[in-house]
Each structure stands twice: as C-alpha cells, then as structure tokens.
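This is the structure we're talking about:
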C-alpha cells in the first residue's frame, strides 16, 4: 500500500535473496598478515571496501595500560611459524559461515607500547548484522586459535606470558 512505511530488515528479503550482491564474493579474503610494523586502520578499511556490502564491521585491538589489576608498561607479541596458515584457516571458516563480500585481518608482532594497535580485523557483508557477527567470529577465533603469544611487562617488574 502506498504511503505505508516498510518494515526495516537486516537480511535479504525474499525479492532480494537471488541478487548476486546478497551472496558471498568469489574470493573475499583480501588481506591477511602478521607483521612487525605498525598497523593501519586505513589499509584494512580500504581492503574491505565493496560496493555490494551494506555493512562493514571493523575491530581494533590496542595495547592497554593495565591487565588483571596491574599496570602494564609494554608488551611484545611473538608467533609460531604456522600462524599465517592458521589465520587463513580462521578466515576461511568465517567466509564459509557468512555471506562475506570482503575480509581483512592483520596482527602485530614485536615490541609494542601502550596505545599501539595490536590487531585490526574487518568484514564487509550485504547487511550489518552479518558483518557484526562475522567480525566477532573473526576476532574471537583469531585470538583463540592463531598461535600468537603476548609477553606483558608490568610496572612492578613482573612479567607474564599470555596464550602460551
């Protein structure tokens, strides 16, 4: 009926589900890296730019100044030689579960200071809900499954390995 507001949806409608933009892209993994240089939000955001995506979710993990009630001065990340392959496996699993149009993930290794970017992930999907869910799965699975370890240095001189 003319003049009747449409019901907002966050997913394909029956009429739109067949459109190619509602489907996963043929090769949506655009950027995967583990590197010892500073990370760039712009690089990751550009990597997931996609005309068919109605939603892009981006997560940025930074080095915070505390953990477990103790002040953190700095930390370092190191990784196993299989980390790149495990990161790809995680990304492929996200792509298999959601209609991903574009995906990017970069993690830093080496010594970092408080405030530095440690990890940046982003996912573009046809709709925002899918993008949020896919991005959440990407960062959660990356943190749980990719063999990257954190060595924290506390203000009181104590040190701790996390994920090892």
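Numbering (this note's numbering), first residue to last: 55 to 218.
All C-beta atoms, glycine included, are put in the ideal place defined by N, C-alpha and C.
From a predicted model like this one, the values you see are computed outputs, not experimental measurements.
Practice problem: Rounded to whole angstroms, what's the CA-CA distance from residue 87 to residue 123? Just pull it up for me. | Solution: In the chain shown, the residue the question calls residue 87 occupies position 33. In the chain shown, the residue the question calls residue 123 occupies position 69. So the two alpha carbons sit approximately 31 Å from each other.
Self-check item: Reference residue 161, options 201, 104, 73 and 75, closest by Cα
Solution: Here the question's residue 161 lines up with position 107 in the chain shown. Residue 201 is the option with its Cα nearest to residue 161.
Quiz item: Going along the chain, which residues of its own chain have a beta-carbon closer than 8 Å to the beta-carbon of residue 189, five neighbours each way excluded?
Solution: Here the question's residue 189 lines up with position 135 in the chain shown. So the qualifying residues of the chain are 111, 112, 113, 175, 176 and 177.
Quiz item: Would DSSP call residue 75 helix, strand or coil?
Solution: As a first step, residue 75 must be located in the chain shown, where it is residue number 21. Residue 75: helix per DSSP, three-state reduction.
Practice problem: Would you kindly work out how many angstroms separate the C-alpha atoms of residue 103 and residue 156, rounded to a whole number? | Solution: Numbered from 1 along the chain shown, position 49 holds the residue referred to as residue 103. Numbered from 1 along the chain shown, position 102 holds the residue referred to as residue 156. Their Cα atoms are separated by approximately 7 Å.
Practice problem: From the DSSP output, read off the bridge partner residues of residue 110. | Solution: Against the chain shown, residue 110 aligns to sequence position 56. 178, per the DSSP bridge assignment.
Self-check item: residue 73 to residue 182 span [Cα, whole Å]
Solution: Position 19 of the chain shown, counted from the first residue, corresponds to residue 73. Position 128 of the chain shown, counted from the first residue, corresponds to residue 182. Computed Cα separation, rounded: 17 Å.
Quiz item: Going by beta carbon distance, what residues of the same chain come within less than 7 Å of residue 129, once the five residues before and after it are set aside?
Solution: As a position in the chain shown, residue 129 is number 75, starting the count at 1. The answer, listed in chain order, is 117, 166, 204, 205, 206 and 207.
Quiz item: Quick one: Cα of residue 217 to Cα of residue 89, how far?
Solution: The count along the chain shown starts at 1 and reaches residue 217 at position 163. The count along the chain shown starts at 1 and reaches residue 89 at position 35. Cα to Cα, residue 217 sits roughly 18 Å from residue 89.
Quiz prompt | Inter-residue CB distance, residue 135 and residue 76 (contact presumed, cutoff 8 Å) | solution = Taking the first residue of the chain shown as 1, we reach residue 135 at position 81. Taking the first residue of the chain shown as 1, we reach residue 76 at position 22. Contact flag wrong, Cβ pair sits at about 39 Å.
Quiz prompt | Chain-order list of residues whose beta-carbon lies under 7 Å from that of residue 63 (same chain, five-residue window excluded) | solution = Start at 1 with the first residue of the chain shown, and residue 63 comes out as number 9. Confidence at residue 63 is low in this model, with a pLDDT of 48, below 50, so its placement is unreliable and no value can be given for it.
Quiz item: residue 91 bridges to which residues according to DSSP?
Solution: Position 37 of the chain shown, counted from the start, is the residue given in the question as residue 91. Residue 91 pairs with nothing; no bridge assigned.
Exercise. For residue 184, count neighbouring C-beta atoms within 10 Å of its own C-beta (all shown protein chains included) and say buried if the count is 16 or more, exposed if not.
Key: Start at 1 with the first residue of the chain shown, and residue 184 comes out as number 130. Buried, because 16 or more other Cβ atoms sit within 10 Å of the Cβ of residue 184.
Exercise. Work out the CA separation of residue 163 and residue 133 for me, nearest whole Å.
Key: Translated into the one-based positions of the chain shown, residue 133 becomes position 79. Translated into the one-based positions of the chain shown, residue 163 becomes position 109. The alpha-carbon atoms of residue 133 and residue 163 are separated by roughly 7 Å.
Exercise. Check whether the Cβ atoms of residue 192 and residue 145 sit closer than 9 Å, and answer yes or no.
Key: Along the chain shown, one-based indexing puts residue 192 at 138. Along the chain shown, one-based indexing puts residue 145 at 91. Yes; because the gap between Cβ atoms is below 9 Å, this pair is in contact.
Exercise. Could you spell out the range, first to last residue, of the beta strand (DSSP E) harbouring residue 126?
Key: What you label residue 126 is simply residue 72 of the chain shown in a count that begins at 1. Looking at the DSSP string, the run of the beta strand (DSSP E) that includes residue 126 is 124-133.
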